[in-house]
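Peer 1: Can you keep this structure in mind? I'll have questions shortly.
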């Protein structure tokens with residue numbers, strides 16, 4: 391059983407982008423995660439918003455990545471999933487789980503105090519936190 395004080399993700403090097411290709415989530419991955427969270431088939435309100443959320447971390451312009459570090463990519467993913475409201479229910483939970491899975495796919499373990507995770511997720515949901523760099527800094531404190 392997991393410790394009540396941490397939210398596990400899954401590697402040790404946060405600078406995965408410098409050493410190898412980054413693995414990204416797809417829409418099907420988010421739907422599978424939502425299905426597991428909700429214990430029911432998720433109701434998608436906006437397919438475009440869901441697709442946009444999974445593609446935001448890999449955005450680039452003129453050959454330059456918009457989010458060059460793994461933490462920035464994770465933050466962009468979390469912000470988009472939580473704020474896009476693609477699902478009728480479960481967007482905040484899915485935003486957090488998406489980050490945990492994304493880090494895990496890239497070999498990073500996230501260990502965060504539940505209170506801090508809750509506060510960050512709620513501040514994203516209520517719009518008081520919208521800065522990708524701020525979210526990335528918070529996430530960076532929580533992985534090993």
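Numbering (our numbering), first residue to last: 391 to 534. For every residue, glycine included, the Cβ atom is placed at its ideal position computed from N, Cα and C.
To which residues does DSSP link residue 434 through a beta bridge?
Peer 2: 477
Peer 1: With a threshold of 7 Å on Cβ separation, who are the neighbours of residue 456 within its own chain once the five nearest residues in sequence on each side are excluded?
Peer 2: 449, 450
Peer 1: Please state if the CB of residue 412 and the CB of residue 469 are separated by a distance shorter than 8 Å.
Peer 2: no
Peer 1: Measure how close the beta-carbons of residue 421 and residue 432 come, nearest whole angstrom, since I'm counting them as under 8 Å.
Peer 2: 6 Å
Peer 1: Buried or exposed: residue 556, going by 16 or more other Cβ atoms within 10 Å of its Cβ?
Peer 2: Beyond the ends of the chain as shown, which are 391 and 534, falls residue 556; an answer cannot be given.
Peer 1: Starting from the C-beta of residue 532, find all residues in its chain whose C-beta is less than 7 Å away, skip the five residues before and the five after it, and write them out in chain order.
Peer 2: 500, 501, 502.
Peer 1: Run through DSSP, which three-state label would residue 416 get?
Peer 2: coil
Peer 1: Please report the distance separating the alpha-carbon of residue 402 from that of residue 504.
Peer 2: Per-residue confidence for residue 402 stands at a pLDDT of 40, beneath the threshold of 50, marking its modelled position as unreliable; the derived number appears in the next sentence. Cα to Cα, the separation comes out at about 20 Å.
Peer 1: Please list the terminal residues of the continuous alpha helix (DSSP H) segment that includes residue 530.
Peer 2: 522-531
Peer 1: Compare the C-alpha of residue 492 against each of 510, 444, 435 and name the closest.
Peer 2: 444
Peer 1: Which word fits residue 426, buried or exposed, when buried means at least 16 other C-beta atoms lie within 10 angstroms of its C-beta?
Peer 2: Counting the other CB atoms within 10 Å of its CB gives residue 426 a total below 16, which places it among the exposed residues.
Peer 1: Quick check: the Cα distance between residue 439 and residue 476, rounded to an integer number of angstroms?
Peer 2: 5 Å
Peer 1: Mapping DSSP to helix, strand and coil, what is residue 450?
Peer 2: strand
Peer 1: Report the CB separation of residue 494 from residue 514 in whole angstroms; it is logged as a contact under 8 Å.
Peer 2: The Cβ separation is near 20 Å, so there is no contact.
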